[in-house]
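Peer 1: My structure is below; once you've seen it, I'll send some questions.
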Amino acid sequence: MSEQKTGAFTGYEKFIITLLAILQFTVVLDFMVLSPLGYILLDKLSISTSQFGLVVSAYAFSAGAAGLLTAGFADKFDRKKLLLFFYTGFVIGTFLCGIAPTYHFLLFARIFTGLFGGVIGSIGFAIITDLFPIQVRGRVMGFVQMAFASSQVLGIPIGLYLAKEFSWHAPFLMIVGVSIIVGILIVAYMKPINAHLKFQSQGNAFQHLGRTISKPQYLQGFAATTMLATGGFMLMPFGTAYGVNNLGIQEAQLPTLYMVTGLCMLAFSPLIGKLSDKVGKYQVFLWGSVIACVMTLIYCNLSVTPLWIIIILNILLFVGITARMISASALMSAVPEPHDRGAFMGINSSVQQISGGIASLIAGYIVSETATGYLENYPMLGNVVVVAIIITGLLMYRIHRYVIQKTAPVIESKAVI
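Here the numbering used here is used: the sequence shown runs in plain steps of one and ends on residue 417.
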């Protein structure tokens with residue numbers, strides 16, 4: 001759409017970026033809001049912690065399975081129609097969560113939501129890759145990735161407030177309301193996105209999936225995503241418990257920690273995106289990895305610490321994590337060919353979801369809880385995360401070299417013109 005873009009975005013492009021960011025916000029919030037509701041669900045549904053853990057992981061694993069099952073079909077349809085189909089399923093699944101009367105109904109609803117919601121992110125990234133050239137993709141990813149910070153700043157506090165004032169169903173119904181508005185905007189204003197259909201290869205969906213999985217350069221990307229998710233998801237499951245039981249954070253102080261961190265990431269995400277376009281995506285990824293390594297080693301070896309210090313360290317840690325996410329997403333988007341983008345993004349999303357679930361399980365085996373709630377072996381967990389970050393850096397370097405070789409002839413031809 002904008003192969004020679006280097007300056008400001010058009011009005012329609014700004015609309016697409018904003019729409020994808022809000023869409024991603026609803027999907028991320030649907031996934032993240034469940035964990036803070038845990039203590040309410042344990043009481044209201046009379047379930048155990050293991051049952052609640054199954055509800056959380058059910059979404060991730062069903063999302064991963066859905067990405068693999070649909071990857072072969074992802075490049076055979078207009079991306080707008082594909083997005084609407086899966087977003088409709090996501091809204092229905094979230095609505096079912098909002099009316100779930102029992103544990104088993106909620107478990108089914110989370111699996112159903114994951115089957116549709118887990119594919120939406122990959123479709124969004126495919127749309128970004130179709131509509132925006134590599135030179136500005138970092139800026140676009142920076143804005144879209146603000147969805148994660150926004151969910152911390154706006155979504156989770158509002159969701160918890162609604163849960164306390166009304167019921168635990170209310171946050172899901174709120175997400176449904178916002179999602180319906182987003183769906184109407186997609187129908188009314190998003191143009192068809194079907195240029196990739198001109199490059200269709202022969203064969204059915206399963207053959208297309210097989211060819212995508214078998215390409216060596218794509219396998220490098222999937223390997224990098226596996227390690228990227230492994231390092232990113234290991235600290236998440238026990239972050240709150242570590243903060244409360246090891247660092248001495250009061251439960252009432254947790255919203256402050258999340259909100260301040262989220263606000264800072266709202267400011268940093270667009271800046272990181274612009275920086276990745278200006279100085280280089282791999283360079284930003286590398287510096288983000290260095291920051292993440294240093295802050296992980298510091299954070300995982302703390303004892304009881306004042307809140308203000310924890311907030312500063314947490315912000316720096318998330319700066320490193322966010323820099324890695326944005327730059328890696330932008331760099332990875334340049335790997336697939338136009339006719340493989342949907343399949344590649346779908347498989348990549350599945351790999352990320354499944355790897356994240358496995359990483360969480362591994363973290364559970366490394367960390368152990370004492371009778372007082374204190375988490376042991378957290379420094380060891382930090383060391384494992386650092387090793388994963390270093391390995392990811394090496395894998396991403398190979399992706400970086402491949403993208404340079406792939407895009408250099410295109411950039412040189414534009415320079416001649």
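Cβ coordinates follow ideal geometry from the N, Cα and C atoms, glycine included. Note that the coordinates shown come from a computational prediction; the quantities given were computed from them, not determined experimentally.
1. Where G391 and L381 are concerned, what is the direct C-alpha to C-alpha distance, given to the nearest angstrom?
2. Could you pull the DSSP bridge partners for S368 from this structure?
3. G98 and V176: beta carbons closer than 8 Å?
4. In the structure shown, what three-state DSSP assignment does Q253 receive?
5. Can you tell me whether V198 is buried or exposed, with buried defined as 16 or more other CB within 10 angstroms of its CB?
6. Buried or exposed: which applies to K418, given that a residue is buried once 16 or more other Cβ atoms fall within 10 Å of its Cβ?
7. For V119 versus F172, is the C-beta spacing smaller than 8 Å?
8. Give the secondary structure of K191 by DSSP, where H, G and I count as helix, E and B as strand, and everything else as coil.
9. I'd like to know whether the C-beta atoms of F125 and S329 end up nearer to each other than 8 Å.
10. How big is the Cα-Cα spacing for V290 and I298?
11. Are the segment 134 to 149 and the segment 316 to 327 in contact at 8 Å, needing three or more beta carbon pairs?
12. Helix, strand or coil: how does DSSP classify F125 here?
13. In three-state DSSP terms, what is L54?
14. How would you write the range of the alpha helix (DSSP H) that T322 sits in, first residue to last?
15. Taking 7 Å as the limit between beta carbons, can you name the residues of its chain near H400, skipping five residues before and five after?
16. Is the CB-CB distance between I127 and I40 below 8 Å?
17. For A170, does the three-state DSSP call read helix, strand or coil?
18. Once you ignore the five residues that flank G121 on each side, which residues in its own chain have a CB closer than 6 Å to its CB?
19. Just mark I347 as buried or exposed, buried being the case when its beta carbon has 16 or more other beta carbons within 10 Å.
20. Which residues in the same chain have their Cβ closer than 7 Å to the Cβ of A170, if we skip the five residues on either side of it in sequence?
21. Please say whether S150 and F25 have beta carbons closer to each other than 8 Å?
22. Give the DSSP-derived three-state secondary structure of V294 in the structure shown.
23. Is K164 near the ligand COA, judged by its Cβ being under 7 Å from some heavy atom?
Peer 2: Let me lay it out:
1. Per the sequence shown, the amino acid found at residue 391 is Ile instead of Gly. When rounded, the distance between both Cα atoms is 16 Å.
2. According to DSSP, S368 bridges with E376.
3. Contact: yes.
4. In this structure, Q253 counts as helix in the three-state DSSP scheme.
5. Residue identity differs from the one stated: residue 198 is Lys in this sequence, not Val. Per the 10 Å Cβ criterion, exposed.
6. Residue 418 falls outside the range modelled here, since the chain spans only 1 to 417, and no answer is possible.
7. Cβ atoms of V119 and F172: not closer than 8 Å.
8. DSSP places K191 in coil when its eight states are reduced to three.
9. At a Cβ-Cβ threshold of 8 Å, F125 and S329 count as neighbours.
10. Within the model, the alpha-carbon separation for V290 versus I298 is close to 13 Å.
11. Yes: at least three Cβ pairs fall under 8 Å.
12. DSSP, read as helix, strand or coil, puts F125 in helix.
13. DSSP, reduced to helix, strand and coil, places L54 within a helical segment of the structure shown.
14. Start and end: L307 to M332.
15. Here H400 has Y282 and L331 as same chain residues with Cβ atoms under 7 Å from its own Cβ, once five neighbours each way along the sequence are excluded.
16. I127 is not a Cβ neighbour of I40, given a cutoff of 8 Å.
17. Helix, per DSSP.
18. If you ignore the 5 residues before and after G121, its C-beta comes within less than 6 Å of the C-beta of S349, all in its own chain and listed in chain order.
19. By the 10 Å Cβ count, I347 comes out buried.
20. Cβ contact annotation for A170 (same chain, cutoff 7 Å, sequence separation greater than five): L162 and A163, in chain order.
21. Judged by beta-carbon spacing, S150 lies within the 8 Å limit of F25, meaning their Cβ atoms are closer than that value.
22. Residue state, collapsed to three classes: helix.
23. Ligands in the displayed structure: none, and consequently the ligand COA is not present.
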